[in-house]
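Trainee:
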Amino acid sequence: MIAWHAVRETDLSTEEHTGLAALLARAFPDTDMCGRSWCSERPELRLIGTDAGSDEPDDTATPVAHLAVLRRFVRVGETDVLVADTGLVAVDPDRQGRGIGAQLLAEAAQVLGGLGVPHGFLTTGPDREAFYARGGWLRTPTQLTRTIERDESLQVWTGPSLHLPLGHAPFPAGEITRDGYEV
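Now the structure itself:
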């Protein structure tokens, strides 16, 4: 049984950051996060799944799933759109294939829905697009996203850009610009 906890960034303990850093290192072995529990932009909120089975977060619980969120505006054409920019979506590699990822996305939809934003937003690789689609994420009308990389260079992302509808407004069409690092 997985216990799910939405935790604000400033409420995470050092022990929790250490556990998350270990999980993310296993989930993203080709990405150097410098031993941290974040990669580029530091999130404001984490959704963490643990094996603890308790209803309360516990510094000693082992994290097995994670998703990071930062509310921000992205430019879509000439329009500023408020989104819950989502990243570092991970399930411990030893626990994959057991439905934890589907649970993570279902929990994330609830958490993101409570943030007062009309859309979740993320970029992903083509090999993971179907996973997100099963969780309700849709392709944005335009598949071109500009973002700033960790090395300060501008990246033009032509892979899948996805949104999770959280309100009634459709995601607008137009080139997407994330004026900042990805989460």
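End of the sequence shown = 183 in UniProt numbering, gap-free, step of one. Using N, Cα and C, we set each Cβ at its ideal position, and we do this for glycine too.
#1: Answer yes if the segment 160–175 comes into contact with the segment 123–136, meaning at least three C-beta pairs across the two stretches below 8 Å, and no otherwise.
#2: Starting from aspartate 91, trace the beta strand (DSSP E) in both directions and tell me its first and last residue.
#3: Could you work out which residue in Thr140, Ser153, Arg178 is closest to proline 170 when comparing CA atoms only?
#4: Helix, strand or coil, according to DSSP, for glycine 19 in the structure here?
#5: Three or more C-beta pairs closer than 8 Å, one from the segment 62–81 and one from the segment 172–181: is that the case here?
#6: Straight-line CA distance for threonine 62 to tyrosine 181?
#7: Check for me: the beta strand (DSSP E) holding arginine 134 runs from which residue to which?
#8: In whole angstroms, what is the alpha-carbon distance linking leucine 12 and leucine 166?
#9: If I measure Cβ to Cβ from leucine 154 and keep anything under 8 Å in the same chain, skipping five residues before and after, which residues do I get?
Mentor: Quick look at the numbers:
#1: With a cut-off of 8 Å, the segment 160–175 and the segment 123–136 count as touching, because enough Cβ pairs lie within range.
#2: The sequence as given places valine at residue 91; aspartate does not occur at that position. Its beta strand (DSSP E) spans residues 79–91.
#3: Comparing C-alpha distances from proline 170 to each of Thr140, Ser153, Arg178 shows the shortest one belongs to Thr140.
#4: In this structure, glycine 19 counts as helix in the three-state DSSP scheme.
#5: Yes, the segment 62–81 touches the segment 172–181.
#6: Tyrosine 181 has its alpha-carbon roughly 28 Å from the corresponding atom of threonine 62.
#7: Element bounds for arginine 134: not the beta strand (DSSP E) but the alpha helix (DSSP H), 129–134.
#8: Straight-line Cα distance between these residues: approximately 26 Å.
#9: Within the same chain, Arg146, Thr147, Ile148 come within 8 Å of leucine 154 by CB-CB distance, once the 5 residues on both sides are set aside.
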